[in-house]
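When we follow UniProt numbering, the leftmost residue of the sequence shown carries the number 1, and every step to the right adds one.
For reference, the structure discussed in these notes is given below.
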Amino acid sequence: MLQSKSFVRKTKQGKVIKVVREHYLRDDIYCGASVCKVCDTKEARLSSSASTILIVDTNVVLNQIDLLENPAVDDVVVLSVVLDEVKNKNLSVYNRLRALCSNSLRKYFVFSNEHHKDTYVKAMVGESPNDRNDRAIRVATDWYQRHLGGSMRVLLITNDKENKRKAIEEGIAAETVETYVKSLGRPDLLDLVVHPTSEDVSMEEVEDLRPSKRKAIYTEHKPLSEITSGLHRGIFHQGKLRVNRYNPFEAYVGSESIGDEIIIYGRGNMNRAFNGDIVAVELLPKDQWHEGKSLSIADDEDEAEEDVHLVPNSADDAPRNVNVVQDSATDMNPGSCRPSGRVVGIIKRNWHSYCGSLEPMPMPAATGGIAHALFVSKDRRIPKIRIQTRQLGNLLDKRIIVAVDSWDCLSRYPSGHYVRTIGEIGDRETESEVVLIENDIDSRPFSAQVLACLPPLPWSVSSVDLENSNRQDLRHLRVFSVDPPGCRDIDDALHCTPLANGHFEVGVHIADVTNFVHPGTPLDDEATQRGTSVYLVERRIDMLPKPLTEDICSLRSDVERLAFSVIWEMTPEAEIISTRYTKSVIKSCAALSYIEAQARMDDSRLMDSLTTDLRNMNALAKIMRLRRIERGALTLASAEVKFQIDTETHDPLDIGMYQIREANQMVEEFMLAANISVAEKILKHFPLCSLLRRHPSPTKEMLEPLLRTATAVGLGLDVSSSKALADSLDRAVADDPYFNKLIRILATRCMTQAVYFCSGDLTPPEFLHYGLAAALYTHFTSPIRRYADVIVHRLLAAALGIYKLPPIFQDRPQLTSIADNLNYRHRNAQMAGRASVELHTLIYFRKRPTDTEARIVKIRSNGFIVFVPKYGIEGPVYLTARGEKGGGGEWFVDEEHQKVKKMDGSISYSVLQAVRIHMEVVEPQPNRPKLQLTLI
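Next up, the structure:
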């Protein structure tokens, strides 16, 4: 049956046109019930043993998705009208609902009510789209009741009071979420129910939830119409709220990349905004802008104080294992002011689920089984959340997940609900899962749809691959890879062949991932979302399924593999004569570790071809590196930690600094060169839609902490350009062999974050990569583990005429959105890696209290922050008793000379000085262990 739907729309030129669309109705759409006597039951998803099937309305899905994901709620019909509405209102919930409906272990069935001749409804004159959809849901529920003829009970679940009333009047069985859950006899499930805040449900059902008659703690949020008007007139400013990781009472709104930020001090001025919310901000009068103050180390107990104002921090390098307020990118000079503001409205919420534990409390006397508790997130940026629970005794010693439902202006804390238990507090697997959830890392197994995109195993290069005119056969070349020990996802290999003219042919060969990951497939969609592989201390969470990462795409030794190659002709002085790009087939002759490659180069007795290639490449790399440094590239340092892990228990056995060898630097140099060559090629062909990577120059304010430290130790640093800074760092030497590395670590922390961007969004001067001193840069060399590289491979293939450019590259806003997601995922992967290091450091030192040497890297009014070279750990050492404010007690801080000394002058400590410390794990607050550093 054919129905016509018509509507009007306005064109870009302002004309109004009528659009008529044909809508096909069918009578062969099955109901999905196993017990049905009419429909074909081969594709049935609903259980034959169920006595009731549920039909849920849109608001139930939007608000109760945590409950729906619980296995106790099954045999659910999701109508297509509901699916479409959810997609329009909340993409995150829509994706979770789709995952439920496609999970073969769950009994969720999608019924296309909008295409069934008996359930399709036309909108009536004067009927709102919402009312029409509610009517469509009731019509479909009524059809199910009649269609199944009493063989199963059909129950409409809705919290909409009017929808429920009409359903009952029409002879449809309908219940609220809470009533239905109570009927299951599972009190624990009631913890998952989100209590409505509107008048949809009768007041008797929410009697216990009404706020008491208290005065407002927070200011009411302004309506969206007033916010829109204020933004248009320049009274309000819109941006994403970013809460300081080390001081939850301080946040920034604005652009990280251009540094034009408004600072928000205190929870009152944040006005119930969460980290990541898109907010409207009003500037405070200038006399209320905050000046820079003498800084102190943040204490765990400071979290109880709502008026704490500590220094802002935008740095990427988080301190290890401790809660420290870092002065870095946004550190202030004494007396300087920064624009301060307050949140006046929320434009878009960023609420999701949070990991943590309940605040310890005595078990209450029996009050109907319901206890009120405060949830404390592991993420210090998240305020405490008030929940109700009927299982307090089971949850007090557990890590749990809680979701936020609402935050009334009368309440000090937001309200939420319990979602699920992760495991025992302190258990390594539990805490590792917390790391993933906190950083929004998707570690779920790949779906059947994703795995169906993979070629069957065992896979090998076929004759079709070899006959492809776009693919060059390079199996005759002596190709090898050099990677960390035990690396299985090898995505880059090299070759270096002497030429008759005295030059070298040098190739970088990258796994041809796009040969298997095609645009628009479930595999590509999954990789787009994940963005990057995540490396924890004890495990790896892959961006792509293991058959691809460890077999089909991995450039392992002695097997033929498909690659995308960048090949140069180079002089012995590493000057590039020519560059070519080609899809290829290679056969690696060796998969070396960095240690093995270094040992070969260092062993003068070895003169074989492979070792000679390594030495030739290393000689070229050294020249390339020197030339790059002469251009102004920075050689920075970071405190990378390496663990030795027990293969059975996965517990750390040893910990130490990661060692960089010449072999590492050799590989890095050629990867940088390949990335730069590819960036030039794709930008030449696609100036408006290339995916590039930029590293904005640090501002003077960001470099201030480094300059202050340098001045205090008698060191002059020139920061006028990356070249000047690089030269200054090279000259920063002293008798202390570790001095230069410390200065470079401090310099690293003053840098901005490197980010992906679409070339059409910025002007060429903004493309600069400051750290590499490169006018152009991109990521091409790791497509197995980074989705950015997959995009760049597609751009390069299109530039070479191998494939057409996928349509998405014509959609600039979509490209920008992808770049934003890649930056978000990359940053989260970094934070998860650091959190994993923190966790394993705590596990390691829990049974191993240690005395060791540390270096002072920052002076504070109540102590100093030290860096422990042996373990790559950073943390605070307190000089004043807990509770004493900056400069109190017997100590005096000399900010200018970066010293802290006793009032009587008997003892003083200065920045970069070596001190002996004791390290041990303590638990000053329940369930929040930390590594405590104390002076010996």
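Where is the CB? At the ideal position from N, CA and C, for every residue including glycine.
**Study point:** Alpha-carbon spacing of His417 relative to His195, whole angstroms
**Key:** 9 Å
Check your understanding: In angstroms, rounded to a whole number, what distance separates the CA positions of Pro71 and Trp891?
Key -> Pro71 and Trp891 have their C-alpha atoms some 60 Å from each other.
Point to revise | Which listed residue (Arg615, Ala710, Ile53 and Leu451) has its alpha carbon closest to that of Pro547 | key: When C-alpha distances from Pro547 are compared across Arg615, Ala710, Ile53 and Leu451, the shortest belongs to Leu451.
Check your understanding: Straight-line CA distance for Tyr878 to Val922?
Key -> Looking at the two C-alpha atoms, the distance is approximately 15 Å.
Review point. Between which two residues does the alpha helix (DSSP H) carrying Asp118 extend?
Key: Note, Asp118: premise wrong, no alpha helix (DSSP H); not H, not E.
Check your understanding: From the DSSP output, which residues share a beta bridge with Met607?
Key -> Beta-bridge partners of Met607 (DSSP): none assigned.
Check your understanding: Taking only runs of the beta strand (DSSP E) that begin and end inside the stretch 358-394, which ones reach a length of at least 3 residues, in chain order?
Key -> 371-377 and 385-389
Review point. Nearest to Asp602 by alpha carbon, out of Ala591, Leu614 and Ser609?
Key: Leu614
Exercise for review: Measure the beta-carbon distance from residue 937 to Asp188 and round it to whole angstroms, keeping in mind my assumption that it falls under 8 Å.
Suggested key: The structure shown does not extend to residue 937, since the chain is modelled only from 1 through 936, so no value can be given for it.
**Study point:** Cβ-based burial, Asp327 [other Cβ within 10 Å; buried from 16]
**Key:** Only weak support exists for where Asp327 lies, its pLDDT of 29 falling under 50; the coordinates are left without a value.
Exercise for review: Kindly identify the DSSP beta-bridge partner or partners of Ile873.
Suggested key: According to DSSP, which records beta bridges pairwise, Ile873 is partnered with Val868.
Point to revise | Contact set for Leu933: own chain, Cβ-Cβ below 6 Å, skip 5 residues either direction | key: Gly875, Val877, Ile917 and Met919
Check your understanding: Among Glu170, Thr219 and His232, which one has its Cα closest to the Cα of Trp407?
Key -> Thr219
Exercise for review: Specify the secondary structure class of Gln659 as computed by DSSP and reduced to three states.
Suggested key: For Gln659, the secondary structure class from DSSP, reduced to helix, strand or coil, is coil.
**Study point:** Length of the line joining the Cα atoms of Met624 and Phe670
**Key:** 9 Å
**Study point:** 7 Å Cβ shell around His372 - same chain, five flanking residues per side excluded
**Key:** Arg386 and Gln388
Check your understanding: For the beta strand (DSSP E) that Cys589 lies in, which residues bound it at each end?
Key -> Its beta strand (DSSP E) spans residues Ile576 to Ser593.
Practice item. Output the boundary residues of the alpha helix (DSSP H) element that contains Tyr787. Key: First-last of the alpha helix (DSSP H) with Tyr787: Tyr787 to Ala799.
**Study point:** Among Ala633, Gly502, Cys355 and Thr852, nearest to Lys384 - alpha-carbon criterion
**Key:** Cys355
Point to revise | Status (buried if at least 16 other CB within 10 Å, exposed otherwise) for Asp405 | key: Asp405 comes out buried.
Point to revise | Cβ-based burial, Ile400 [other Cβ within 10 Å; buried from 16] | key: buried
Exercise for review: Spell out the partners DSSP gives Glu175 in its beta bridges.
Suggested key: Ile157
Practice item. Enumerate, from N- to C-terminal direction, the unbroken alpha helix (DSSP H) stretches of 4 or more residues contained entirely within the stretch 407-480. Key: 428-438, 448-451 and 463-467
Exercise for review: Could you check what DSSP says for Thr497 in three-state terms: helix, strand or coil?
Suggested key: Secondary structure at Thr497: strand, using DSSP grouped into helix, strand and coil.
Exercise for review: Classify Gln733 as helix, strand or coil using the three-state DSSP reduction.
Suggested key: This sequence places Val at residue 733; Gln is not what is there. Coil at Val733, not helix or strand.
Check your understanding: Straight-line CA distance for Ile347 to Ile278?
Key -> Taking the straight line from one Cα to the other gives about 5 Å.
Point to revise | Whole-angstrom distance between Ser463 and Asp84, CA atom to CA atom | key: 46 Å
Point to revise | 7 Å Cβ shell around Arg106 - same chain, five flanking residues per side excluded | key: Around Arg106: Asp74 and Leu100.
**Study point:** Between the CA atoms of Arg342 and residue 944 - distance to the nearest angstrom
**Key:** Because the chain is modelled from 1 through 936, residue 944 falls outside the range shown and cannot be assessed.
Check your understanding: Using the rule of at least 16 other Cβ atoms within 10 Å of the residue's Cβ for burial, across every protein chain shown, is Ile660 buried or exposed?
Key -> exposed
Exercise for review: Drop a sphere of 10 angstroms on the beta-carbon of Gln814, count the other beta-carbons inside from all chains shown, and report buried for 16 or more, exposed for fewer.
Suggested key: Exposed is the call here.
Check your understanding: So is Asp66 buried or exposed if we call it buried at 16+ other beta carbons inside 10 Å?
Key -> Label assigned to Asp66: buried.
Check your understanding: Is the Cβ-Cβ distance between Pro698 and Val719 less than 9 Å?
Key -> yes
Point to revise | 9 Å Cβ cutoff met for Gly230 and Lys222 | key: yes
Practice item. Can you tell me which of the three DSSP states His352 falls into? Key: coil
Review point. Bridge partners of Lys240, per DSSP?
Key: Ile278
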